[in-house]
Amino acid sequence: MKPLLAASLTALLALSQPLSAAPLLNVSYDVMRDFYKEYNPAFQKHWQEQGHKPAQIQMSHGGSSKQARSVIDGLPADVITMNMATDINALYEHGKLIPENWATRLPDNSAPFTSATVLIVRKGNPKNIQDWPDLVREGVEVIIPNPKTAGNARYSYLSAWGYVLRNGGNEQDARDFVGKLFAQVPVMDTGGRGATSTFMQNRIGDVLLTFENEAVMIAREFDAGSFEVVYPSVSAQAEPPVTVVDKVVERKGSRELAQAYLEYLWSDEAQRIAAQNYLRPRNPEILAEFADRFPPIDLFQVEETFGDWRDIQKTHFNDGGVFDQIYSGQSGK
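All the letters of the sequence shown, read from the start, carry residue numbers -21 to -1, 1 to 312 under mature numbering (1 follows the signal peptide of the UniProt record, and there is no 0).
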């Protein structure tokens, strides 16, 4: 009877705890590991200084689209912090876990910092790659993951398209250029981590396209002296958004904590942590403090150039979309 009594008491104690005492779960993507390792303790200290009990924070990292799928399938995320809006939109489209207007609930379309697409080249830049046109020269191999499955690849695709438009080309010119670009891709991985391994470990390709903050992660993991970072003249402005997952926080009673956790991303402290991790802070004064880390680049906002993210996804990246049409045209070449 004693083991049964102990088990009953344990269950009773668990039930007596307020649901809000459960750890806050942030479901995020791979590249944000280092940022949240620094941000979480800073937020926890701030939260207690506001007179609250200590907050427990748990992290889940993985590919952005796969992480969103996990939340749709039941992973109880209080907040989700993704690398592009389409992954968060999926939470509304599949299960109405959040409202359709989720992006309007925090400043800057709910993206507390930004990034840019950069070109990672071999040490010494032997192919003399300086800008987008160099990627379609004969003999240049480009490593980009599949835009249908990798968020950073979607930004690379849109950056290349936008480069043509911003230099006097029309939509057909842009389509032709992006088609030539993907004809230069010898291996197309499903995600950014796989593409990095293809380039850095397997030594395939002359240039890797990725986010500028991912270049820092690559330097930490691999030999920083084996590659160089080249900034193209034009890039789409990557805006990694965040949101509370309404249906989860309503069930757990954790909305106040979850909301405060996300709002603090716009604090001066969090913006400096972002800059230290090579994420471009929204605060212009803090961005100026770290200007040496962020070379000037012509950044354009995706939705101003291409329209709503839902339309972009449907037009370019859904099955049968422009990317499929372009890439299928390369088969057999």
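The C-beta atom is built at its ideal place from N, Cα and C for all residues, glycine as well.
Cβ-Cβ separation between I59 and A47: approximately 7 angstroms, consistent with a contact (criterion under 8 angstroms). Shown here, P20 sits in a helix according to DSSP, grouped into three states. L160 and G30 have their C-alpha atoms roughly 55 angstroms apart.
In the DSSP annotation of this structure, the continuous segment of the beta strand (DSSP E) that includes E207 starts and ends at 206 to 209. About 15 angstroms separates the beta carbon of W111 from that of A132, a gap too long to meet the 8 angstroms contact definition. Within the region 138 to 219, the runs of beta strand (DSSP E) that reach at least 3 residues and sit entirely inside it are, in chain order, 186 to 190, 206 to 209, 213 to 215. Annotation for V195: Y257 place their beta carbon closer than 6 angstroms to its own, counting only its chain and skipping 5 residues before and after. Residues E120, I183, G184 of the same chain have their beta carbon placed closer than 7 angstroms to that of P165, with the five preceding and five following residues left out of the count.
Around the C-beta of K102, fewer than 16 other C-beta atoms lie within 10 Å, and the residue is accordingly described as exposed. DSSP places D277 in the strand class (E or B) of the three-state scheme. For N62, no alpha helix (DSSP H) run applies, since DSSP gives it neither H nor E. Within its own chain, the residues whose Cβ lies closer than 7 angstroms to the Cβ of A90, once the five positions on either side in sequence are excluded, are E218, P219, P220, listed in chain order.
Close CB contacts of Q280 within its chain, under the 6 angstroms cut and outside five residues either way in sequence, are with Q216 (chain order). Taking C-beta separations shorter than 6 angstroms and ignoring five residues to either side along the sequence, the partners of I123 in its chain run A132, S135, V164, L188, following chain order.
If you look at V228, you'll find it in the alpha helix (DSSP H) that goes 225 to 231. Just so you know, the alpha carbons of L241 and E117 end up roughly 46 angstroms apart. When the Cα atoms are used, K226 and M11 turn out to be separated by approximately 24 angstroms. The alpha carbon of V100 has as its nearest neighbour, out of S94, E264, D113, the alpha carbon of D113. Counting along the chain, no alpha helix (DSSP H) covers R116, and no H or E run does either. Relative to A174, the option among D152, G158, I197 whose CA is nearest is I197. Apart from sequence neighbours up to five positions away, the residues of its chain that approach K293 with a beta-carbon distance below 8 angstroms are G300, ordered along the chain.
For S94, the number of other beta carbons within 10 angstroms of its own is at least 16, and it is reported as buried. Nearest in C-alpha terms to A249, of all of F92, E191, Q109, is F92.
When rounded, the separation of the alpha-carbon atoms in R234 and L98 is 40 angstroms. H40 and Y8 do touch by the CB rule: their CB atoms are close to 7 angstroms apart, below 8 angstroms.
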